[in-house]
Each structure stands twice: as C-alpha cells, then as structure tokens.
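Q:
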Amino acid sequence: MSTVPSFLARAEANRVFMPMARLELIALLLASSVHAETITVCREGCDHASVNAAIESASDGDIIQLAAEAFAEGMVIDTLGKAVVLRGATDRKGLPVTILDGSYEHGVLLCISGEGPGTRFENLVVRNGSAVTGGGLASVASSPTIVNCRFEANFASSLGGAMWNYFSVPRLVDCVFVGNGSAESAGAVYNGTSAPDIIRCVFRENSATDLGGAIGNFTDSTPRFEDCVFMDNVALEGGGMFNYQSDPELIDCAFIGNSFYGNLGESFGGGMVNEAASPVLENCAFTANYGGEFGGAMANISGSAPILEACTFSNNQTAGLGPSIYNASSVPTLLDCVFEECCQIEPPRSFFDGGGNDLATWCDGCRANIDCRGDAVDAGDLGMLLAAWNSSDQQCDLNGDGLVDGQDLGQLFVEWGPCR
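The numbering used here numbers the first residue of the sequence shown as 66 and each following residue consecutively.
(1) Per DSSP, what kind of secondary structure is residue 257 in: helix, strand or coil?
(2) With distances taken from CA atoms, which of 178, 300, 347 is nearest residue 332?
(3) Quick one: give me the first and last residue of the beta strand (DSSP E) that residue 302 is part of.
(4) For residue 187 and residue 347, I'd like the C-alpha separation in whole angstroms.
(5) Would you say residue 336 and residue 387 are within 8 Å of each other, going by their C-beta atoms?
(6) Would a C-beta distance cut-off of 8 Å place residue 191 and residue 216 closer than the cut-off?
(7) Report yes or no: do the region 468–480 and the region 406–417 share at least 3 C-beta pairs separated by less than 8 Å?
(8) Quick one: Cα of residue 501 to Cα of residue 152, how far?
(9) Do you know offhand how far residue 235's Cα is from residue 112's?
(10) Below 8 Å between beta carbons: does that hold for residue 322 and residue 363?
(11) Reducing DSSP to helix, strand and coil, say where residue 173 ends up.
(12) Could you say which of 338, 277, 210 lies nearest to residue 487 if we only look at CA atoms?
(13) Using a Cβ-Cβ cut-off of 8 Å (strictly less than) and excluding sequence neighbours within five positions of residue 292, which residues of its own chain qualify?
(14) Need the endpoints of the alpha helix (DSSP H) that residue 308 sits in, please.
(15) Quick check on DSSP: helix, strand or coil for residue 363?
(16) Check this for me: beta carbons of residue 365 and residue 397, under 8 Å apart or not?
(17) Look at the Cβ atom of residue 274, then the Cβ atom of residue 251, and state whether they are nearer than 8 Å.
(18) Do residue 233 and residue 195 have their CB atoms nearer than 8 Å?
(19) Considering just the uninterrupted stretch of the beta strand (DSSP E) at residue 452, what are its terminal residues?
(20) Rounded to whole angstroms, how far is the Cβ of residue 128 from the Cβ of residue 150, which I believe are closer than 8 Å?
(21) Could you pull out every residue in the same chain whose Cβ sits closer than 6 Å to the Cβ of residue 465, ignoring the five residues on either side in sequence?
Now the structure itself:
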C-alpha cells in the first residue's frame, strides 16, 4: 500500500528546502553537548534486533551500527527526523555487506521529517524496495547524507525506482545504483524541485518506461553531478538522464552505452534529453549511446540552452537525425568540444560556437551532403542550398567563397547521388 499521501502531509509541516543551514547549526550544537552513543543491531546479542527499534531509542548524534546481515523489517525504515548515523559493515575491499531488504513489499528508507546532513546512511545495500515513489529511499523536504551505499533492484510504480527526492538536498558520495526501475520516469533517481549533490556515483542498467532511465530532473531542480558514470541505462526518452525545466551541473561525467526502447518515431536522446532545460556540462564524455529517432547522445528540445565545455563525443548513433546532438527550437553552446566523427549535429549549424571545437559539419568526400542525412546528395540538400541562396551560410557555401550562389549549385549537381 502506498504511503505517499502521508509523506506529503507530514513533510509539509517540516518543509524547509534549501535555507536550512541555520537549523542545522543549532542541531549540531545541541548534538555536540550530548555524548553520542553507539547502538548495535543484529539478530542476537545486540542492543536491538530491529533497525526501526534502534532508531526509536536513539538520540541525535548516535551511531546505529548494523551487523553484516540482511535486515527485512517488514515495513519502511523511518529515521523520524533524527540526526543519527545508520552504519553498515564492509568487506575487506570496503564494499557494503549490510543489507536492508524491502522484499518487494514496501519502500526501504524514509526521510520525511526535515532530516538534515546529520542523518547519514553509510555502507548499506538497499535492495528489493517497492513503492509508488522511491522504492529504495523517499526524501521529502530533507537533506540526508548517503555514503558508500548500493541501491539495487528497487522499483517504483510511478517515479524514482531507487530514490525519490522532493524539495530535498541530499548528498550522495561513492554510491552505486544498479538494476533499479520505474514504471513511469526516473529509473534510479527522481529529483523534483531538488538539488542533490552527487559525487563519484555509478548508475548502471537502470530503466524507466517513459523518461530518464537513470536520472529524471523535473521542475526547477538543480542537481550537481561530479565524476559520475551513467552506463547501459534505458528509457523511451533520455536513457541516461532526462531534464525538464531543470538546470543540472555535470563535471567529469561519462555517458556510456545508454539507449532508448519503444517506438523509434517517439524516442529522443540515448544519453540525455533536455526539454526547456539548460544544464552545464564540463569535461564530460558521451560514448556509444544510441537514440531511436533523434539524438544518439543528446536531444535538446523546447527552448533548451545547454552549455557544453571540453566535452567529447564518439561512436554515438541514431536511426534518424543527429548521431551525437539533435536540436529542435534549441541552441546549445559548445566550447572546446571534440566530435570524433563527422556530421554529428542536426541541424548542422544549430549551435552557438564558443570556439575551440573540433567538429566537422560535413564529411570528407561528400561536401554537398549538406543535411548530413544518409550517404547521398539529394533533394534535401538541394532544398537547403536554395533556402540559403545569396547568404553566407557556411554549411551551404560549398566552395567557401563567402556566398551561396550558382557555383555552389553547380558543385552540388556534380556530387549528386551516392557519396563516393
């Protein structure tokens, strides 16, 4: 049974969103004046056998140490607004071995009482959670810290298979999201008017039926991703990430092998889709992503204006237009970007050139293939040249003399037919 309505009712009374620094300072000062305790949890011989019971008995600043066991509480684990550390065990490689299991019956973790950074989840495997939103973790008006956790095989019937953030600012470090799914959008993490800080995290093999196989950022969300990898995620649109009216920042991130599924004619952006969104990407790589009909690596639609600096694109593909980037009513800015193949952007000059780009808007040996579609010079190219007549359009100025005129038309007819 879904507890979403109670989420929102309870969270509304605690809603704080970003300006929480003052409250957090007070909480930390209060916590420092009380001796923190370590509360142990295991099947036998510990302070508690139940994680929820340990949380109920804990005070701010306490550490709840979980044994290297699998815990199936039979209900969601609610931190009750307490600044406690829920810490699992690790193996010799530092990987988490403590398991919190939802048994496909309920969500696993819940932060809906104004939890701040002092509420920490460390060294945990969060798996088999099932909920309407946030099968692994649901966070409302809260800002928990999540370190070295693995979210796997969690599911949401609506949004955020592994995590659902609503008016929240969580911090995630060194986490892995694998095999999570959503029947609607955001297979791994959903952000709604949220600003998580996500560092050194891996998103692999997550899926969404609709938007955002790994990540879905919606409605004024401003997440920050640093040194993250998005690999082999799938969705109808935005296999790796879908941004709607949101402006994420991505630094040193990689999108590898993300793709679409569904009807070819309806799918956009194997790696990323931006709809009325303006993300900033710095030193990011898009490799071997596949988009159904538009934008193998990225599709920008509905007035999007992303800024890409020092990004690389290689071996991205689409069944339709724009192997790397497709733009519709959108103008991205490119600075110092590298495209390893030719004819990677559709339409060919639909971007602001900030300089320093390594980009071929036509392919050698087929200069008159103006529209970069297929491997032939045809009526589509003729139409573009005639539309640019007497202009200085670089794409249509085939001989490079600064004017689209009869000489360019003649060259087009010389190259007419299959590229040679």
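Backbone N, C-alpha and C define an ideal beta-carbon position, used for all residues, glycine too.
A: Judging by the given coordinates:
(1) strand
(2) 300
(3) 299–302
(4) 29 Å
(5) no
(6) yes
(7) no
(8) Given that the chain is displayed from residue 66 to residue 485, the structure contains no residue 501 and the question cannot be resolved.
(9) 29 Å
(10) no
(11) coil
(12) As shown, the chain starts at 66 and ends at 485. That puts residue 487 outside it, with no answer to give.
(13) 264, 265, 316, 317, 318
(14) First-last for residue 308: 306–309, but that is the beta strand (DSSP E), not the alpha helix (DSSP H).
(15) strand
(16) yes
(17) no
(18) no
(19) Careful: residue 452 lies outside any beta strand (DSSP E), inside the alpha helix (DSSP H) at 444–452.
(20) 5 Å
(21) none
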